[in-house]
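Okay, structure first, notes after.
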Amino acid sequence: MKRIPPWSRQELLHAYFHDREGLESILRAMPGFHIAQKLEEMATSYSIFVSATEDLFESIHRFKLLEGRSKLYDRHSRVIVEDSITAVRRGIFAACAASMALVDHTRRIAGAVNVQGYNDEIQSRFANSKLHNFVQGLRNYSVHRTIAGADWQVNFKNKAKSVLFLISKECLSEWDEWKPLAKQLINETVQGVDVEATFEEYAKQIEDFSRWLRHKIIKSGEDNYQEYLYYKNIIDGFREYYGINLLVSHLSPDAKANPDMYLDRFLTSEQIDVVLSLPAKSKERVDKLISLVDLHDACDNTLRTKLYGLFGVKDA
C-alpha cells in the first residue's frame, strides 16, 4: 500500500490482512497520529491526577463515616482510625505529586504541538494563583521536608456538624521555602489549610484548564487529526467486524439458544434495558443492539443478517 493518502477502503482491507504491521507503521507516520499521541499522553496524566484526588476524597469520606458511627472514640477501632488517617496523608502526597507531574507533562506536550497562547494561559490561570502556588509548594514540602500531616477536627456551626482535615498552619510555617503567594494563602487561614476544600477547588481549575488545552491541541492540527481518525476508524471497524463475526460463528449451543443472556458482555445495564424494551425476536431490537455496539459502522448486511438469525428474527 502506498504510504501517502488517500487510500480506498479496499486498499486498507488488503493491507489489514496481508501486512498489518506495515499498515500500523504507515498510520503512525501520519501527522495526525502525532496529535492523537499527545492527546493520549495528556489524557493519561490527567486521569492519574483525577484518580489521586478522588482517592483522597474517598479517604476523607471513609473517615467521616467512622466519626458518624462514633468509631473514632472506640478503642477497638484504633487501628482502623490510624489507617484512615494514613490514607488521607497518602492521598495528599499522591494528589500533589500527580498535579505537578501534570504541569510538567502539559508543558512538554504543548511545546511539542506548538499550542498557541499556552504561556499566556498559564500566566493568567496559575502564575498568580495562591492555590496553585500552595499545591506546588506542598509537593516540594512533602518531598524535601516531610510528608504533610493532616489533623482532623469536628466543628459545629448552626447545629450542623462537619469533620475537617487541616494541614497545620504552625507546621507549614516552619518551612521557609514557600513562595510568597503560597505563604499568603497559609497566613490567611486560622488554624490550617482545609484539605478537602483546597483540592476540590484545585481539581476544578485543572479540569477547566485540561479541557481548554485539549481543544487547543486538536485545533493545532485539526485537518491532520481528522484525516488520521478517518482512516483509524475504518481499520478499527475491520477489527470490530471480524471480531463479532468470529464470536457469532463460534457461540456455544446455550448462547445461541439464549443470546439475551450474554448482552451484559457488550452493553451497560441501562443499554440492556433499552434493548429489552423492544419486542423480542424483532428487527427493532437487533437494530438497536447493533447501533449501541457498532461504534465504527462495521456491520454490513451479511453480519446484520447473521445477527437477525441468532436472535430469532422471523421476517429477516
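Quick note: the sequence shown, position 95, residue 94 per numbering that gives the first Met the number 0, numbers continuous. Just so it is clear, CB atoms sit at the ideal spot from N, CA and C, and this is done for glycine as well. Since the model is a prediction, treat every value here as computed from it, not as a measurement.
- Annotated three-state conformation of N154 is strand, per DSSP.
- DSSP places F125 in no beta strand (DSSP E); its state is neither H nor E.
- Boundaries around D272 are those of the alpha helix (DSSP H), S268 to L275, since no beta strand (DSSP E) includes it.
- With 16 or more other CB atoms across the displayed protein chains lying within 10 angstroms of its CB, A181 is buried.
- According to the DSSP assignment, L288 belongs to the alpha helix (DSSP H) that extends over K282 to V292.
- Exposed is the label assigned to Y229, since fewer than 16 other Cβ atoms lie within 10 Å of its Cβ.
- Around the C-beta of H131, 16 or more other C-beta atoms lie within 10 Å, and the residue is accordingly described as buried.
- Under the DSSP assignment, L165 falls in the beta strand (DSSP E) whose first and last residues are A159 to S167.
- Here the alpha carbon of S83 sits roughly 18 Å from the alpha carbon of A196.
- Our two residues, D119 and F32, have alpha carbons roughly 27 Å apart in a direct line.
- The beta strand (DSSP E) runs of length 3 or more contained entirely in the segment 45-97 do not exist; there are none.
- For F164 and E206, the gap between their C-alpha atoms comes out near 23 Å.
- Between the alpha carbons of S209 and V153 lies a gap of roughly 35 Å.
- For Q270, the closest of I233, A256 and L291 by C-alpha to C-alpha distance is L291.
- Here A97 is not near I146, since their CB atoms are 9 Å or more apart.
- In the DSSP assignment, V192 falls within the unbroken beta strand (DSSP E) covering G191 to D193.
- Assignment of H104 by DSSP, reduced to helix, strand and coil, places it in the helix class.
- Within the same chain, W177, K178 and A181 come within 7 Å of G136 by CB-CB distance, once the 5 residues on both sides are set aside.
- When only Cα atoms are considered, N300 and D314 end up about 15 Å apart.
- Between the alpha carbons of S58 and D193 lies a distance of about 14 Å.
- Contact between G236 and H295 holds, with the beta-carbon distance rounding to 3 Å and staying under 8 Å.
- Taken atom to atom, the span from the alpha-carbon of V162 to that of G67 is near 9 Å.
- When DSSP states are grouped into helix, strand and coil, E173 belongs to the coil group.
- Between M29 and N232, the CB-CB gap reaches or exceeds 9 Å.
- Close CB contacts of S219 within its chain, under the 8 Å cut and outside five residues either way in sequence, are with I34, V112, N113, V114 and Q115 (chain order).
- Within the model, the alpha-carbon separation for W174 versus F133 is close to 13 Å.
- The beta carbon of V285 lies closer than 7 Å to those of L306, Y307, F310 and V312 in the same chain, with the five residues before and after it left out.
- Exposed is the label assigned to V142, since fewer than 16 other Cβ atoms lie within 10 Å of its Cβ.
- In this structure, the CA atom of R213 is about 47 Å from the CA atom of P252.
- The three-state secondary structure of W211, taken from DSSP, is helix.
- Collapsing the DSSP output to three states places F32 in a helix.
- In the three-state reduction of the DSSP assignment, T188 falls in the coil class.
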